[in-house]
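Each residue of the sequence shown is one higher than the one before, counting from 19 in this note's numbering. Working notes, beginning with the structure itself.
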Amino acid sequence: VAREVLDLLAVCGAQAEHGLLEGLLPSERLLAGLVELRNSGVVLEEVVDDRVRYRPAHPMIGEVAYELLPLVSRRRRHAEVYRAVRNHDPGRWGVLAQHVRRAGEEIPPDHAFEVLMAATADGLARGAGDEAVANIRAAIVLARALDRAEELDELHDRLAEAYELAGDREEAVSAW
Numbered sequence: 019v020a021r022e023v024l025d026l027l028a029v030c031g032a033q034a035e036h037g038l039l040e041g042l043l044p045s046e047r048l049l050a051g052l053v054e055l056r057n058s059g060v061v062l063e064e065v066v067d068d069r070v071r072y073r074p075a076h077p078m079i080g081e082v083a084y085e086l087l088p089l090v091s092r093r094r095r096h097a098e099v100y101r102a103v104r105n106h107d108p109g110r111w112g113v114l115a116q117h118v119r120r121a122g123e124e125i126p127p128d129h130a131f132e133v134l135m136a137a138t139a140d141g142l143a144r145g146a147g148d149e150a151v152a153n154i155r156a157a158i159v160l161a162r163a164l165d166r167a168e169e170l171d172e173l174h175d176r177l178a179e180a181y182e183l184a185g186d187r188e189e190a191v192s193a194w
C-alpha cells in the first residue's frame with residue numbers, strides 16, 4: 019500500500035494535496051500508505067494555505083519511484099491524475115497540460131489538443147515562456163497527427179511568441 023501511494027505521489031509531481039489524492043485512491047488505502055511513508059521518513063506532510071499536502075522527503079525518492087514504474091503504468095497514472103486535477107482544481111492549466119503531455123495516447127488526441135492550447139494561452143498570459151513552449155510544441159505534434167494543417171501557421175506564431183517570452187530569440191525567429 020505504501021508503494022502504491024509513493025508511486026502516485028511520484029506521478030503527481032513535487033507535491034500533492036490530500037483532496038486530490040483522495041480522488042485517486044480509497045481513503046483507507048491512502049491513509050494507511052501515508053502513515054507508513056511518513057513514519058519511515060520517506061514522505062513529508064505540510065499544510066499550505068490550510069490545505070494538507072504531501073511530498074517525498076527528497077526529490078530523488080520521487081524520481082526513482084517514477085522511473086521504476088513501467089511506461090504504460092506511468093501514462094495511465096498521468097491520465098488518472100489529469101482527470102482528478104480536472105475535477106479537483108480545473109483552472110490549473112499548467113498542471114493539467116503536464117499530465118496530458120505525459121499521458122500519451124491515454125487521453126483522446128482532440129481533447130489533449132484543446133487542453134494544450136488553453137494551457138499555452140494561460141502560460142503566455144502569465145509570462146511562463148518555457149511552460150508555453152512545452153505545451154505548444156506538444157499541440158503542434160497533435161495538430162499534425164489530427165490532420166489540422168490549417169492551424170499550423172497560427173500554432174507556429176504562438177510557438178515563436180513562447181520562445182521569445184522564454185528568452186530564446188533564435189528559436190523564435192526559426193518558428194516564425
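From the three backbone atoms N, C-alpha and C, an ideal C-beta is built for every residue, glycine too.
- How long is the line joining the alpha carbons of V60 and E169, rounded to whole angstroms? 46 angstroms
- Integer-rounded CB distance, given that L183 should sit under 8 angstroms from G147: 3 angstroms
- Which of the three DSSP states, helix, strand or coil, is assigned to L62? strand
- Task: Output the distance between the C-alpha atoms of T138 and A163, rounded to the nearest integer angstrom.
- Result: 19 angstroms
- Compute the Euclidean distance between the alpha carbons of P77 and L27, then round it to the nearest angstrom. 11 angstroms
- Query: On the three-state DSSP scale, how would you describe A34?
  - Reply: strand
- Query: Within the present structure, is the beta-carbon of E22 separated from the nearest heavy atom of the ligand COA by less than 7 angstroms?
  - Reply: Because no ligand of any kind appears in the structure shown, any question about the ligand COA cannot be addressed here.
- Exposed or buried, what is E123 when buried is set at 16 or more other beta-carbons lying within 10 Å of its beta-carbon? exposed
- Message: Any beta carbon of chain B sitting closer than 8 angstroms to that of V99?
- Response: You won't find chain B in this structure, because it holds only one protein chain.
- Task: Could you say if the stretch 37–52 and the stretch 100–110 meet the contact criterion of at least three C-beta pairs nearer than 8 angstroms?
- Result: yes
- Message: Quick check on A34: buried or exposed, where buried means 16 or more other Cβ atoms within 10 Å of its Cβ?
- Response: buried
- Query: According to the neighbour-count rule (16 or more other Cβ atoms, all chains shown, within 10 Å of its Cβ), is V23 buried or exposed?
  - Reply: buried
- Query: So, P126 versus L160, is the Cβ gap smaller than 8 angstroms?
  - Reply: no
- Looking only at C-alpha atoms, which of E64, L142, G80 sits nearest to Y181? L142
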